[in-house]
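Just below is one structure, and these are the notes that go with it.
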Amino acid sequence: MTKVKSVWFCSACGNESPKWMGRCPACGEWNTMVEEQVREKKNERGKSLLGKAEPEPVALKDIATDNDRRIPAGDAEIERILGGGIVPGSMILLAGEPGIGKSTLALQLPMHCRGLRTLYVSGEESPRQIKLRANRLMQQEGVDGNAGENCIILGETLLENIVRHAREISPDLLIIDSIQTIYTDSMESSASSVSQVRECASGLLRFAKDSNTPVIVIGHITKDGSIAGPKVLEHIVDAVLQFEGDTRHAYRVLRSIKNRFGSTSELAIFEMTDKGLRSVSNPSEILTPMRSGELSGAAVSATIDGNRPFLIEVQALVSTAAYGTPQRTATGFDSKRMNMLLAVLEKRAGFRLSAKDVFLNMAGGLRVSDPACDLAVIASILSSNFDIPLSPRTCFAAEVGLSGEIRPVARIENRITEAERLGYRKIFISPYNLNENFRGKGKDCGIEIIEVQHIPSLCRYLFNDR
């Protein structure tokens, strides 16, 4: 007997309510309740999609883990961000903007691992379209003509049919592209609704745990950058990987937001080419300056994102405001923090920038949130304001406080080592950042460590001899 009822779901957290509410009682968001018609089959609710018996409780000491091994992903960057490979029976959510490269990255996994039997389920593209993308990926270095011979394509959106085919094929990896297109007959609502996404994700999770098959689920994101669907989707999966970056630029950042089997401090950088995504093992060489002559308004910051230190170029342009209200524009950097740094320059250092336009850009299209970029931002703004280029092979790594003091940042030794490895001769840091042991070792380094206490001392170091 099928029962149909009207239920209200919160689009932010997935909370269920029998009636409409202006504010969700679970997450506190306003005007997020949506109505859906739900049909439940009581005789099938809670039943495993594999038809197996209910699990029995097992003592912790009796659970064997000796034979568990991680499945190689065929890419060193992906294996590192996952903590060493794909864990059998895990469920991974890969999210990102449209056109960022989610489907390309998912298809590259079976293309690079010929021995990995993969079932690729697509609800958005036809098998012919996937084949055209695979032909393009075969042009990459290290990929031969037999790549993808163990990759099976299935164009299906019904969850019950997907699980039935997966049970018959017994793949080593199951890829779902995407979770918003999958639906189940146990729910009356349409695909991509809150109830459908939650029910399909729960069904795929049961399949992954019962069959010990890893499942990679591709998901969309909303306009504000959050993962589409109920918040419970992120709680269900074992790992959440999010693609970041501007689709107009070539570089993408794959960041680990959640990982039950590894660290969430890892990230991987890829370059989108006409042959697919290429791993960038040394991002500092790409994000640092690529010009022959010296130009004003450019500074290099030694940043750390996750566990990886790299150097990125900060570009600034300061010009006289053409209109009454000066413009403040930042790309890849928090605009509020840029306004704060401009206020510090005017109040604490006496630079009159209130009547000038200020434009700030992070090279490579990446978004940087490391506070160690503050000193490089100020150095690039002053360089553009005076129209004086900074000394070559100079970088910065320090935070700037509201009183104009130069504050210390974490893991300064890693930043100095990375700058020295790339051939930089000077690095500006806070005097409170180094201990006495490192100061003794720093004398033998190939880079000069300059400690500055406040912005006026930074200006004397950079522009007094110009």
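Count along the sequence shown starting at 1, add 109, and that's the number in the numbering used here.
Glycine included, each C-beta is placed from N, C-alpha and C at the ideal position.
Pairing P498 with L567 gives a Cβ-Cβ distance that is not under 9 Å. DSSP assignment within the segment 336-373 yields the following whole alpha helix (DSSP H) runs of 4 residues or more, N-terminal first: 341-345. Note that the C-beta distance between T429 and L469 is not below 9 Å.
Inclusion of V324 and I278 in the CB contact set at 9 Å is not warranted, their separation being larger than that value. C-alpha of A506 to C-alpha of E188: approximately 29 Å in a straight line. When the five nearest sequence neighbours on each side are left out, the beta carbons in the same chain lying within less than 7 Å of the beta carbon of S287 are those of G232, E233, I327, G328, H329, in order along the chain.
From the listed residues I172, Q305, A519, A317, the smallest Cα separation to L282 is found for A317.
A contact between stretches requires three or more CB pairs, one per stretch, nearer than 8 Å, and the segment 502-517 meets this requirement with the segment 410-425. Look at the segment 470-542 and you find these whole runs of alpha helix (DSSP H), each 4 residues long or longer: 483-495, 521-530. In this structure, E380 sits away from R476, with a CB-CB distance that is not shorter than 9 Å. If you ignore the 5 residues before and after S393, its C-beta comes within less than 7 Å of the C-beta of F419, L420, E527, L531, all in its own chain and listed in chain order. In this structure, DSSP gives E269 a helical state, which the three-state scheme calls helix.
In the three-state DSSP reduction, K384 falls in the coil class, being neither helix nor strand. For D286, the beta-bridge partners assigned by DSSP are S231, I327. By the neighbour-count criterion, in which a residue is buried when 16 or more other Cβ atoms sit within 10 angstroms of its Cβ, E206 is buried. About 6 Å separates the CB atoms of K367 and A348; that is less than 8 Å, so the two are in contact. Between Y533 and the set G555, K384, A519, V362, the nearest pair of CA atoms involves G555.
S489 has its alpha-carbon roughly 18 Å from the corresponding atom of R516. V116 is bridged by DSSP to E145. Boundaries of the alpha helix (DSSP H) harbouring L314: 303-320, taken from the DSSP string. Judged by beta-carbon spacing, T293 lies beyond the 9 Å limit of L263, meaning their Cβ atoms are not closer than that value.
Of the other Cβ atoms in all chains shown, 16 or more fall within 10 Å of the Cβ of I201; this residue is therefore buried. Taking all protein chains in view, the Cβ of D184 is crowded by 16 or more other Cβ atoms within 10 Å, so the residue is classified as buried. Taking P181 as reference, the option from A173, I195, A168 with the minimal CA-CA separation is I195. In this structure, the CA atom of T373 is about 28 Å from the CA atom of G224.
When C-alpha distances from N391 are compared across I378, A407, N255, R437, the shortest belongs to I378.
Residue state for T412 is assigned as strand, using DSSP reduced to three classes. Bounds of the alpha helix (DSSP H) holding E186 are 185-190. Taking 9 Å as the cut-off, the Cβ atoms of C122 and V143 do not count as close.
The Cβ neighbour count for E165, taken over all protein chains shown within 10 Å, is under 16; the residue is labelled exposed. Where R457 is concerned, the enclosing alpha helix (DSSP H) starts and stops at 444-457.
With respect to I413, N523 sits close: the two C-beta atoms are nearer than 9 Å. Using a 10 angstroms sphere on the CB of T434, the tally of other CB atoms stays under 16, which defines it as exposed. With contacts defined as CB atoms closer than 9 Å, V561 and S493 fail to qualify as a contacting pair.
In this model, L342 and G137 are separated by some 18 Å (Cα to Cα). Secondary structure note for T429: its beta strand (DSSP E) is the uninterrupted segment 417-429.
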